[in-house]
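Order-wise, the sequence lines are chains P and S. Numbering-wise, UniProt numbering puts 282 at position 282 of the first sequence, and it's gapless, one number per residue. Numbering-wise, UniProt numbering puts 386 at position 386 of the second sequence, and it's gapless, one number per residue. Built from N, CA and C at the ideal position, the CB exists for glycine as well. As structure tokens, the structure follows; a few thoughts come after it.
2 protein chains.
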Amino acid sequence: MTSVGTVETQYLDLPQPLKLECGRTLDRVRVAYETYGALSPARDNVILVCHALSGDAHAAGRSATAPEASTRDGFAADDRDGTAGKGLGWWDGMIGPGKAFDTDRYHVVSTNLLGGCRGTTGPSSADPATGRPYGSDFPVITVTDMVRTQRAFLDALGIERLAAVAGGSLGGMQALEWAVRYPDRVDNAVVIASTHALHPQGIAWNAIAREAILRDPAWQGGHYYGTGRTPAGGMGVGRMVGHITYLSAQALEDKFARRLQYADDIRYTVTEPEFEIENYLRHQADSFTRRFDANTYLYLSRALTYFDLARQHGGGSLVRALERVAARTLLLSFSSDWLYPPVASREIEAALRLLGKPVESHVIDAPYGHDCFLLEEARQIPIVRHFLHEGTS
Amino acid sequence: MTSVGTVETQYLDLPQPLKLECGRTLDRVRVAYETYGALSPARDNVILVCHALSGDAHAAGRSATAPEASTRDGFAADDRDGTAGKGLGWWDGMIGPGKAFDTDRYHVVSTNLLGGCRGTTGPSSADPATGRPYGSDFPVITVTDMVRTQRAFLDALGIERLAAVAGGSLGGMQALEWAVRYPDRVDNAVVIASTHALHPQGIAWNAIAREAILRDPAWQGGHYYGTGRTPAGGMGVGRMVGHITYLSAQALEDKFARRLQYADDIRYTVTEPEFEIENYLRHQADSFTRRFDANTYLYLSRALTYFDLARQHGGGSLVRALERVAARTLLLSFSSDWLYPPVASREIEAALRLLGKPVESHVIDAPYGHDCFLLEEARQIPIVRHFLHEGTS
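Now the structure itself:
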């Protein structure tokens, strides 16, 4: 399968202020985006791809601008030999000619999320009221706000309807929110390694990652821009936590076991990495902190822990929340994913079935944990293609 | 069952310098300890109890000195109605008249570990060479060093032989090390919720907790004593990580679910706790940092990740490592413990059986994760009593 080629990230300023769930309004919102494949004259072949916590608009192809560190997570960043850091999109294996989201057929649109740090308005953007970066004055945003931003963006492009909305993890939450909030605009929802509401252990991991940032004195109450100091230490720790939750214990056993890093024996050090896994974690943290903004991490982490379809749309009932869904729904989960475990997808499936809505659900037996959604592309592609083509043929 | 009553922590200075595995020597080592039950004239009824990462010598009864925050972990600190913070020992449910370690029969000895911060020499102790606290000049210690310290301490008390050595988690590692290193001195080893070598995910969690401390600028290279600043922020984050790994996802679901802390709805905040679990984590971190030394955390965490019976005693083979064991071994593990999972106990059991050594192993089906070893006392007591009495009757 080939690539979509070289791609340039584009930018669009929303024509209207954006009203947020928290009650505040963002007067100016810029959206960074990329598109792959041709838009049909009827504008009816659009697939919106939604990224996860650390992704960006660059989902497929090679970046036209200077290569940055890959936004792929975990093993996915490593195992794609030699491509990480060379500007390949984070879902390149899924988007392109003949791939799951087939650019010979679909016009795939990918935006950087509201609150992001890769071109879309977020805490590191300039506040028009002051000219300085928002920092922690940026309003607290939700998945609903992200989806409203995407809708306003698509409206500005003249796209009224989505053949599909798709994403993994936080991206899957957006796909679900789209299907519930704008049922008349979504034909298909592809929800991968995601959930209708994160379980309390997942809430805890996210809280710990945020605490690591908040407790770093360099965070400076959120106003670290331009001070020469960033909370890289704290965000690095938070990233380490996230990283381990994205992988399975078995994957770590297979990849690292208890191998020592530098020598045949221990060197008696508390400050230096000693086991390979310890060195790997430091490397992952350092490469992440070079490319990511700590406030964006805080805001997106908060948004994904808030997300709760039953609370937001169903008065506590998932079934009631899903009543409005008109889209066909595809749910993919992975047997070893303990952060977004298959049980969440089964709950969504059960609720949709109870409502008589069209839903297809697959648990893929794979060992890498949550990162499977970026790694197990070969097994997802035929399922997604079959689901989409069946629906549009 | 009754208590051992009020207990005073005592102190003993080792008569000889302590040679460490790393090659360095500690000239002066003080050991904090408590004892419960009478020593038999033949000095043959001694049970040494070994504590885990955050414990201390005060294992049973009520402290004679001012009550400090409990050293019990996690839910164990909460669920014992009203006893936490009132000076009750961390294993009071297991040690006392008629309990698992029956003080009507045994003389139970509990020491604070080498490297500790509760009376035994550790990084916060004064370095005799400078008069100032060691800080990060304290030598890197291992489980072997802890056990050697305990042996030197028992020698000084005139105790040559242990009816049993017992501990959970890091304490279980010490029990195993005792059985392997001093086979002619141990009659029974009681190893609870422990392992012969932590798996790589466990190494990772410990590495992350240490990173959180090391990256806190208040750590100051380990020499924060007397500066008015301590790395409480980083250690708090580390403690949060530890805390979640001690519990099971199901336990968090049962106890917290997704309940909000202060209101019926979200308040749109990235800095304040919003879910009950978030508030609980902050509370746990804050109470821990008030009572524990960050350098001790670093050193004990490092020691427990180093521990590897097969590497240290068997040239990579667990069976070879266990060849010297003469003690009867009791292994207890808990079905929901994912930090020290039952599989580790099964591996030890299999190796001992292969060698024809007497071993008894139980996996207790319980939902609370690693913390079960402090919570499920009622189910451990009959097993431990039967094991010990069968052996001594």
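- Message: Quick check on Asp79 (chain S) - is its C-beta less than 8 Å from some C-beta in chain P?
- Response: Low confidence applies here, because Asp79 (chain S) scores a pLDDT of 43, under 50, leaving its location unreliable; read the following figure in that light. Judged by the 8 Å Cβ criterion, Asp79 (chain S) is not in contact with chain P.
- Query: List, in order along the chain, the chain P residues whose C-beta lies closer than 8 Å to that of Trp205 (chain S)?
  - Reply: Ile244
- Query: Can you tell which of P:Asp102, P:Asn112 and P:Glu8 has its C-alpha closest to the C-alpha of Ser63 (chain P)?
  - Reply: P:Glu8
- Query: Thinking just about the alpha-carbon of each residue, which of S:Ala378, S:Ala163, S:Asp254 and S:Val241 is nearest to the one in Ala42 (chain S)?
  - Reply: S:Ala163
- Between P:Ile364, P:Ser345, P:Gly172 and P:Ser3, which lies nearest to Pro382 (chain P) when the distance is taken from Cα to Cα? P:Ile364
- Message: By DSSP's criteria, Tyr36 (chain S) is part of a beta bridge. Which residues make up the other side?
- Response: S:Val108
- Item | Three-state class that DSSP yields for Arg282 (chain P) in the structure shown | helix
- Roughly how far, in whole angstroms, is the beta-carbon of Leu53 (chain S) from the beta-carbon of Leu170 (chain S), given that I think they are within contact range, below 8 Å? 5 Å
- Message: When you compare the CB of His199 (chain S) with every CB in chain P, is at least one pair closer than 8 Å?
- Response: yes
- Message: Could you check if Ala263 (chain P) belongs to the surroundings of the ligand NAD, using beta carbon to heavy atom distance under 7 Å?
- Response: The ligand NAD is not among the ligands present in this structure, which contains no ligands whatsoever.
- Message: Please state the DSSP three-state secondary structure of Val4 (chain P).
- Response: coil
- When Cβ atoms are compared, which residues of the segment 256-271 of chain S fall closer than 7 Å to chain P? Phe256, Ala257, Arg258, Ile266, Tyr268, Thr269, Val270 and Thr271
- Item | Proximity winner among S:Gln201, S:Trp205 and S:Thr296, relative to Phe256 (chain P) (alpha-carbon distances) | S:Gln201
- Task: Give, in chain order, every unbroken run of the alpha helix (DSSP H) that is at least 4 residues long and sits entirely within the segment 215-296 of chain P.
- Result: 232-246, 249-255 and 276-291
- Query: Sorted by chain position, which residues of the same chain lie with C-beta nearer than 7 Å to Glu347 (chain P)'s C-beta, five sequence neighbours on each side aside?
  - Reply: His196 and Leu318
- Query: Just how far apart, CA to CA, sit Trp205 (chain S) and His223 (chain S)?
  - Reply: 24 Å
- Determine the direct distance from the alpha carbon of Leu309 (chain P) to that of Glu323 (chain P), and round the result to whole angstroms. 11 Å
- Item | Assigned exposure category for Thr2 (chain P) - 16 Cβ within 10 Å defines buried | exposed
- Task: Could you work out which residue in P:Leu247, P:Leu114, P:Glu278 and P:Arg290 is closest to Tyr262 (chain P) when comparing CA atoms only?
- Result: P:Glu278
- Item | 8 Å Cβ cut-off: residues of chain S touching Arg151 (chain P) | Ordered by position in chain S, no residue passes the 8 Å Cβ test against Arg151 (chain P), which lies about 21 Å from the chain.
- Does the segment 258-276 of chain P come within contact of the segment 93-110 of chain P, defined as at least 3 CB pairs closer than 8 Å? no
- Length of the line joining the Cα atoms of Ala152 (chain P) and His58 (chain P): 20 Å
- Task: Tell me where the beta strand (DSSP E) around His313 (chain P) begins and ends.
- Result: Counting along the chain, His313 (chain P) falls outside any beta strand (DSSP E), though it belongs to the alpha helix (DSSP H) covering Leu309 to His313.
- Message: I'd like the span of the beta strand (DSSP E) that includes Ile348 (chain S), first residue to last.
- Response: First-last for Ile348 (chain S): Pro342 to Leu354, but that is the alpha helix (DSSP H), not the beta strand (DSSP E).
- Have a look at the DSSP bridge pairing and note the partners of Ala126 (chain S). S:Pro133
- What does Pro217 (chain S) reach in chain P if we use C-beta pairs closer than 7 Å? Pro217
- Message: Please report the straight-line C-alpha distance between Ala326 (chain S) and Val186 (chain S), rounded to a whole angstrom.
- Response: 7 Å
- Sufficient close CB pairs (3 or more, under 8 Å) joining the segment 238-253 of chain P to the segment 277-291 of chain S: no
- Query: Going straight from the alpha carbon of Leu374 (chain S) to that of Ala193 (chain S), what length do you get?
  - Reply: 10 Å
- Query: Starting from Glu360 (chain S) and walking both ways along the beta strand (DSSP E), at which residues does that stretch end?
  - Reply: Val359 to Ile364
- Item | Separation of Asp254 (chain S) from Leu260 (chain S), as counted between CA atoms | 14 Å
- Message: Against chain S, does Asp286 (chain P) count as a neighbour if the rule is that its beta carbon must be under 8 Å from one of theirs?
- Response: no
- Item | Boundaries (first-last residue) of the beta strand (DSSP E) holding Pro49 (chain S) | It should be pointed out that residue 49 (chain S) corresponds to Val in this sequence rather than to Pro. It spans Val46 to Cys50 - the beta strand (DSSP E) in which Val49 (chain S) sits, taken as one unbroken run.
- Message: Check whether chain P comes within 8 Å of Cys117 (chain S), counting only Cβ atoms and requiring the distance to be less than that.
- Response: no
- Query: Going by DSSP, what residues sit across from Lys99 (chain P) in a beta bridge?
  - Reply: Paired residue(s): none; Lys99 (chain P) is not in a bridge.
- From the beta carbon of Val319 (chain P), is the nearest beta carbon of chain S less than 8 Å away? no
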